[in-house]
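Under numbering that gives the first Met the number 0, think of the first position of the sequence shown as 0, with each following residue one higher.
We put the CB at the ideal spot given by N, CA and C, even for glycine.
Note that the coordinates shown come from a computational prediction; the quantities given were computed from them, not determined experimentally.
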Amino acid sequence: MKHVTSLVVSLSIVASLSAAEAVPTEWQTVAESTDFRETSSYDETVDLLRRLAAASPAIRLEFFGRSAAGRPLPQVVVSARQSFTPEAAVRAGAPVLLIQSCIHAGEVDGKDASLILLRDWTLERRSLPSDVVVLFVPIFNADGHERVSPFNRPNQDGPVEGMGFRTTANGINLNRDHMRLASPEMRALIRLFNRWRPHLHVDNHVTNGSDHAWILTWIVSEPPLLHPAIHGWNRNRLSSVLTRTEKAGHPNGPYVSLADRTDPTRGIEWYPSRPRLSSEHFPLRNRASITIEMHSYKPFRDRVMANHDFLVELISELDQAGEELVRAVSRAEADTVAMGRADAEASDVVIRWRLADNIDRLRWQPHDWVVERSQVTGESYLRYLPGRVREIEVGWRHAPSPELTLPRPRGYLVLAGWPQIERMVADHGLQARRVVADTEAELETIRVSDPEIASTPYQGATMVENFAISRQLERRVVPAASVWIPADQPDFEVAVQLFEPEASDSLLRWGMISTVFERKEYIGTATLEEQARRMLEDDEVRSEWQQALEDRDFAADPRARALWWYRRTPYWDEQVGLLPIMRVLEVPTWQTRPWDGPVVD
């Protein structure tokens, strides 16, 4: 890939502000024109984007979906070569970068930074990247963005005139929705990802919590959660980007999550999140995702310019070394496909992750602190002393390690009659086929029981927090119209997280298939008594019953006793607790046809 030009090194804060003053009034962002007291509304943002697209042949404004309240979701495509479609980008061999802002709509720094960058490209105040195709989603949570109040983010220093709200109009936190896809916004974003298959993803946020000298912090996934080839590019290139960002006047470091909330000297820990969050979702799709967390206690102006300069440096690095990342992503996808093929050696899939034991050391500059007793909660809390910065060396645990693994299946079978599961398969863009006719096959079945249901809703769902589980190989009839999801596809790890019940964001955990726990038929006591007396004539059954009665809690529980017998009668519904998703461990022999999508009315 030939590089025509590269972006200039980012300016210092002073130089950046001087340049902003020279911008013609009609091209200033709302943040600039109000001395960073305000951020642009949805309408003001879209109006500026329309004018930028009209003024620059390298910028195209599109809309990739609608919010729950009906607002079109803007997407900007930037390409010096006018590669404005995924097909054109593939033909050009261009690396594609997706920059997303306002997933939490009060965290507007990334949006304002993106608008300044787009404006400067349009006015030729800054050179366009020669090879990279950049996709901007400046206002992902459009409805929350318009719920403006100066009181929305009590721990954030500006914009003082107000900013948007954290969740969508109907209360969904979009950065907890990457797996469940309960919101139209997230379904639209995943469709956008599936169309473009960007090689790198950036999610702009603002964070509070600990107080320190860094204005910008970051989170990235690491091996074995992220493919080593992609991690290698990310580690080397991101280090260079962050170094140049620091030289531009923006001190930065890894995201700060204290190991002990009242003692900063105990270090920083990055517990593996869950794929409901962007930082862990996109690695399932063999993509690096960089979460940028601007420091909320810093002034809004400084945060926006630091976010801006980071994006400038990242795009410059990708413009120079994009070929390497494209190759790394291709290798990662090919490896995932190869592990799922019929002739592949046995391997495992990771169902859940934990934090590894190894600890790195780093220099951190927190503000000095005191530990006090809160009058509000009665507990100890950390109060920082602004203006008094300490430099300390602390431990930093951040590497993920497998917590639960299972043998990699050849794929999953979703039984006919579960449209909500088929909908998830379609929305995530998983490759699937439909079974043509009833076929007998050996499958690994999964049965669950004894659910512990959450006492309060989360994201509008009733989560299943715990359950008993058993697995066994069975010879069963695969019904016609069942859906086959093979393992030899690049996004197969998404299917693993959806279908394996023990996964933290499985369909079962989210309560999307909780009917499997329910009994729909019942047996009268007189009929059950007759069945039990007949079965007690069997010495083995009688011995098992006497042993069961030795448990005093069981013996005193009429319902548990009745279920013990009911499960042993021919009237028991064997589908109670049986998941409609089955693991296929051998190469299937059934006939399939192209999948026609989920069954709908």
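Asked, Found
"Whole-Å CB distance - P223 paired with P408, under 8 Å assumed", "No, P223 and P408 are not in contact; Cβ-Cβ is about 19 Å, not under 8 Å."
"Whole-angstrom C-beta distance between V325 and H198, which should lie under 8 Å", "6 Å"
"Cα-Cα separation between T591 and V435, rounded to whole angstroms", "5 Å"
"Uninterrupted beta strand (DSSP E) stretches inside the segment 128–194 (no shorter than 3 residues)", "132–136"
"Simplified DSSP state of A14, which is helix, strand or coil", "No answer about A14 holds up, because its pLDDT of 39 lies below 50 and its placement is not dependable."
"Host alpha helix (DSSP H) of I115 (start-end)", "108–121"
"Distance CB(S82)-CB(R90) smaller than 9 Å", "yes"
"Secondary structure, alpha helix (DSSP H): runs of 4+ residues fully inside the segment 479–533", "491–498"
"Meets three-Cβ-pair contact criterion under 8 Å: the segment 361–373 and the segment 494–506", "no"
"Simplified DSSP state of Y570, which is helix, strand or coil", "coil"
"Alpha helix (DSSP H) segments (min. 4 residues) lying fully within the segment 185–247", "227–246"
"Environment of V586 [buried if 16+ CB atoms lie within 10 Å]", "exposed"
"Secondary structure, alpha helix (DSSP H): runs of 4+ residues fully inside the segment 426–450", "none"
"Rounded separation between A54 and P183 - CA only", "31 Å"
"Sheet register partners of Q99 (DSSP bridge)", "V136, D202"
"Cβ shell of F35 (< 6 Å), same chain only, five flanking positions each side left out", "F299, R300"
"6 Å CB neighbourhood of F281 in its chain, flanking five on each side removed", "H200, S288"
"6 Å Cβ shell around P579 - same chain, five flanking residues per side excluded", "L414, W417"
"Per-residue burial, D595 [other beta carbons within 10 Å of its own, 16 or more giving buried]", "exposed"
"Inside the segment 253–319 only - beta strand (DSSP E) runs reaching at least 3 residues", "287–294"
"Assumed close pair V131, L429 - CB separation to whole angstroms, cut-off 8 Å", "That belief does not hold up - the Cβ atoms of V131 and L429 are roughly 28 Å apart, past 8 Å."
"Pick from M581, D262, R284 that is closest to P489, judged by C-alpha positions", "R284"
"Rounded C-alpha distance that separates I620 from S448", "In this structure the chain extends from 0 to 600, so residue 620 is not present and cannot be described."
"Residue burial classification, I452 (beta-carbon count within 10 angstroms, cutoff 16)", "exposed"
"Classification of I391 by the beta-carbon crowding that lies within 10 angstroms, buried from 16 upward", "exposed"
"Simplified DSSP assignment, three categories, for R362", "strand"
"Local conformation of E601 per DSSP, three classes", "The question about residue 601 has no answer, for the chain in this structure spans 0 to 600."
"Option nearest V159 by Cα separation, candidates E520, A502, E37", "E37"
"Close Cβ partners of A327 (< 6 Å) along its chain, the five nearest in sequence each way excluded", "A228, I229, W232"
"Contacting residues, own chain, Cβ-Cβ under 7 Å from H307 (five flanking each side not counted)", "A112, I115, L116"
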